[in-house]
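If you're matching positions, the sequence shown starts at 1 in the UniProt record's numbering and goes up one per residue. In this text, a Cβ means the ideal position worked out from N, Cα and C, and glycines have one as well.
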Amino acid sequence: MTCSSCVQYIERNMAKLAGVQSIVVALISGKAEINYNPSLTGVDKLIEQMNSLGYRATLIDSPFSAFTKIHLRIGGLNSEIDVNRIESHVISKTGVESCHVSLATSIAIVEFSPSAIGPRDLISVIEGLGYTAEFSSKDDQMKRLDQSEEVRKWRTTFLVSLIFGVPVMLIMIVFHWILHTPMHPENQTPILTPALSLDNLLLLLLCTPVQVIGGRYFYVASWKALRHGQANMDVLIVLATTIAFIYSILVLIVALILRWPSSPMTFFDVPPM
């Protein structure tokens, strides 16, 4: 979550889920308190709905659960196939209410009835499938609430955009402000081939990584928002940068095909900015 619009977006869409009576989302703490009817919906459905909105959700506490809940650390997970295999086998056992396995954290959350099956039985089921299983410590549960992965993701995105964005700004200053002045009309941007100037070539090469690598998370988030009929800041960012980037490529291609005498005006600088 990045702003109050995200809070309203989550509250509005989560409230539509059958069984949800009320929801309050706190932007600063990154937590949501949901009152729901356990006979109509469950924790797994709430988490699935939250994930489908484009936000990663983790259960902190559930006062409605009449079952015992344990966290198991699973070893040997390589893909979603492993996740589905473990979940299907564990849920099929008598007394198991739910089983949710996270590939990212290698943690399995299992709700079960102690009178029908025990924790050791659950571990045996998982180990019988060829994986290792052990009780998750409190430290492991705290790591699931840690935002370090999210911070690392956005730091990488920022650094990629910064590395390629700073040269773009320098090119704009040199070629479009310093060279193109009424006092020095003889200083023109070098033309490499008809319709392709040096500055446009450099801008294309530098802006493409920013648009593709730096903007990939915005594309994912905007797609999830549009699937639910919403237009948030992610959609706005993607729309503006994509239009500018695609237009610049198209006008450059047309200029090259028609062999214009001068290079066209492009907007490759929009994505880094």
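Coil, strand or helix - residue i by DSSP
{"i": "Asn200", "result": "helix"}
{"i": "Arg155", "result": "helix"}
{"i": "Arg73", "result": "strand"}
{"i": "residue 295", "result": "Because the chain in this structure spans residues 1 to 273, residue 295 falls outside the shown range and cannot be described."}
{"i": "Val25", "result": "strand"}
{"i": "Phe112", "result": "strand"}
{"i": "Ala133", "result": "strand"}
{"i": "Val20", "result": "strand"}
{"i": "Ile253", "result": "helix"}
C-alpha distance - residue i paired with residue j, whole-angstrom precision
{"i": "Pro38", "j": "Val238", "result": "38 Å"}
{"i": "Phe175", "j": "Arg227", "result": "42 Å"}
{"i": "Asp199", "j": "Gly19", "result": "58 Å"}
{"i": "Arg120", "j": "Leu77", "result": "20 Å"}
{"i": "Trp260", "j": "Ala195", "result": "5 Å"}
{"i": "Thr157", "j": "Ala221", "result": "14 Å"}
{"i": "Glu48", "j": "Thr132", "result": "26 Å"}
{"i": "Lys31", "j": "Tyr9", "result": "14 Å"}
{"i": "Asp44", "j": "Ser124", "result": "23 Å"}
{"i": "Leu202", "j": "Arg216", "result": "22 Å"}
{"i": "Leu17", "j": "Leu170", "result": "50 Å"}
{"i": "Ser113", "j": "Thr68", "result": "6 Å"}
{"i": "Thr208", "j": "Ile163", "result": "12 Å"}
{"i": "Val270", "j": "Ile213", "result": "15 Å"}
{"i": "Cys81", "j": "Leu250", "result": "The residue asked about is misnamed: residue 81 is Ile in this sequence, not Cys. Rounded to the nearest angstrom, the two C-alpha atoms are 42 Å apart."}
{"i": "Val254", "j": "Ser52", "result": "40 Å"}
{"i": "Asn84", "j": "Gly165", "result": "42 Å"}
{"i": "Ala240", "j": "Asp234", "result": "10 Å"}
{"i": "Ile246", "j": "Leu103", "result": "36 Å"}
{"i": "Glu111", "j": "Arg56", "result": "21 Å"}
{"i": "Ser136", "j": "Leu72", "result": "5 Å"}
Boundaries of the alpha helix (DSSP H) in which residue i is found, first to last residue
{"i": "Asn13", "result": "4-14"}
{"i": "Ser79", "result": "First-last for Ser79: undefined, no H or E at that position."}
{"i": "Met50", "result": "43-52"}
Supposed close pair residue i, residue j - CB separation, criterion 8 Å
{"i": "Val101", "j": "Glu87", "result": "5 Å"}
{"i": "His89", "j": "Leu129", "result": "6 Å"}
{"i": "Met14", "j": "Ile34", "result": "7 Å"}
First and last residue of the uninterrupted beta strand (DSSP E) at residue i
{"i": "Val125", "result": "Element bounds for Val125: not the beta strand (DSSP E) but the alpha helix (DSSP H), 119-128."}
{"i": "Ile191", "result": "191-193"}
{"i": "Ser98", "result": "96-102"}
At 4 residues or longer, and completely inside the segment 208-245: list those alpha helix (DSSP H) runs for me, N to C. Taken in chain order, the unbroken stretches of alpha helix (DSSP H) that lie wholly in the segment 208-245 and span 4 residues or more are 216-227.
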